[in-house]
Amino acid sequence: DAGVIQSPRHEVTEMGQEVTLRCKPISGHNSLFWYRQTMMRGLELLIYFNNNVPIDDSGMPEDRFSAKMPNASFSTLKIQPSEPRDSAVYFCASTSLFGSPLHFGNGTRLTVT
Amino acid sequence: KQEVTQIPAALSVPEGENLVLNCSFTDSAIYNLQWFRQDPGKGLTSLLLIQSSQREQTSGRLNASLDKSSGRSTLYIAASQPGDSATYLCAVRDNNAGNMLTFGGGTRLMVKP
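First to last, the sequence lines map onto chains A and B. Numbering follows our numbering, with no gaps: position 65 of the first sequence is 243. Numbering follows our numbering, with no gaps: position 46 of the second sequence is 96.
The structure is reproduced here in structure tokens:
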């Protein structure tokens with residue numbers, strides 16, 4: 179079991195640029211979550227998918243953020259255009275059945291200058 | 051809306067001490083509660099999952115208890131070691147929130163040799 183795989187591990191970009199974060203959930207898991215973690219706000223849920231369908235995106239900060247899950251083994255979180263306040267660690271997590279433990283990737287540390 | 055609080059935010063203890071980390075939640079209608087550990091620069095690692103019908107779960111030197119009616123959970127760490135130094139987070143899964151978790155802010159633990 180390779181765990182949840184995220185790429186890149188680190189991303190440094192300039193304000194206004196497009197950023198795409200990638201996630202491969204654990205094989206067989208059918209729920210996928212995107213979280214953002216900052217010192218000030220802790221862990222915030224951005225969006226989650228069940229069976230590749232977005233269920234709740236109320237945590238997505240604004241229209242600059244979008245997420246897709248084209249198939250069961252891949253998801254992307256895109257920020258366009260990026261701003262310095264988007265700097266944070268972005269985590270992807272997955273789980274199988276309802277109520278099962280949630281498994282996290284190692285995160286992508288995003289810095290927008 | 052569910053709110054999860056962890057007190058203290060930081061804790062420093064000498065090696066060998068038994069210690070208790072606290073987690074409280076405002077809405078007792080939960081499905082389960084999960085404890086995580088986060089090392090610097092890493093994702094969250096699941097430690098223990100307690101179902102709402104359970105009172106406690108044990109794994110090695112860790113014991114987590116749940117008192118749903120009072121909205122509390124504790125994580126007990128026996129004979130603490132420097133390798134236990136990390137941030138510990140609790141998260142609850144509500145009955146009516148789909149598969150989403152609400153996280154506490156975490157307790158940053160330092161175990162001094």
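Quick reminder that beta carbons are idealized off the backbone N, C-alpha and C, glycines included.
Quick one: using the 10 Å Cβ neighbour count with 16 as the cut-off for buried, is residue i buried or exposed?
i, result
"A:His217", "According to the sequence as given, residue 217 of chain A is Met; it is not His. Classification for A:Met217: exposed."
"A:Leu275", "exposed"
"A:Ile257", "buried"
"A:His281", "buried"
"A:Ala266", "buried"
"A:Pro203", "buried"
"A:Met247", "buried"
"B:Lys118", "buried"
"B:Ile100", "buried"
"A:Thr273", "buried"
"B:Gly93", "buried"
"B:Ala136", "buried"
"B:Ile57", "exposed"
"B:Val54", "buried"
"B:Ala114", "buried"
"B:Ser130", "buried"
Can you name the residues of chain B whose CB is closer than 9 Å to the CB of residue i?
i, result
"A:Ser265", "None at all; the shortest Cβ gap to chain B is about 15 Å."
"A:Asn228", "Gly148 and Asn149"
Can you find a C-beta in chain B that's less than 8 Å from the C-beta of residue i?
i, result
"A:Leu221", "yes"
"A:Asp234", "yes"
"A:Leu169", "Given a span of 179 to 291 for chain A in the structure shown, any question on residue 169 of chain A remains unanswerable."
"A:Leu209", "In the sequence on display, residue 209 of chain A carries Ser and not Leu. A:Ser209 counts as touching chain B."
Just the chain B side, please: which residues come within less than 7 Å of residue i by C-beta, in chain order?
i, result
"A:Gly277", "Tyr81, Asn82 and Arg143"
Check whether the Cβ of residue i lies closer than 7 Å to any heavy atom of the ligand ADP, and answer yes or no.
i, result
"B:Gly155", "Judged by which ligands are present, the structure shown has none, so any question about the ligand ADP falls away."
Run through chain A and tell me which residues come within less than 7 Å of residue i, C-beta to C-beta.
i, result
"B:Gly148", "Ile233 and Asp234"
"B:Phe153", "Gly220 and Leu221"
Residues of chain A with CB closer than 9 Å to the CB of residue i, please, in chain order.
i, result
"B:Gly156", "Gly220 and Leu221"
Applying a beta-carbon distance threshold of less than 8 Å, which residues of chain B neighbour residue i?
i, result
"A:Gly283", "Gly93"
For this session: Determine contact between the region 195-202 of chain A and the region 248-256 of chain A, defined as no fewer than three beta-carbon pairs at a distance below 8 Å.
Result: yes
Exercise. Are at least three pairs of beta-carbons, each pair with one atom in the region 86-106 of chain B and one in the region 230-237 of chain A, less than 8 Å apart?
Worked result: With the cut-off at 8 Å, the region 86-106 of chain B and the region 230-237 of chain A do not touch.
For this session: Evaluate contact between the region 76-83 of chain B and the region 127-143 of chain B, counting only Cβ atoms and requiring at least three cross-stretch pairs below 8 Å.
Result: yes
Exercise. Taking a cut of 7 Å between CB atoms, which residues from the region 85-104 of chain B lie near chain A?
Worked result: Lys92, Gly93, Leu94, Ser96 and Leu99
For this session: Name, going along the chain, the residues of the region 240-274 of chain A whose beta-carbon falls closer than 8 Å to a beta-carbon of chain B.
Result: Phe269, Ala271 and Thr273
For this session: Decide yes or no for the touch test of the region 189-196 of chain A against the region 207-221 of chain A: beta carbon pairs closer than 8 Å, at least 3 of them.
Result: no
Exercise. Counting pairs of Cβ atoms below 8 Å between the region 145-153 of chain B and the region 117-132 of chain B, do you hit three or more?
Worked result: no
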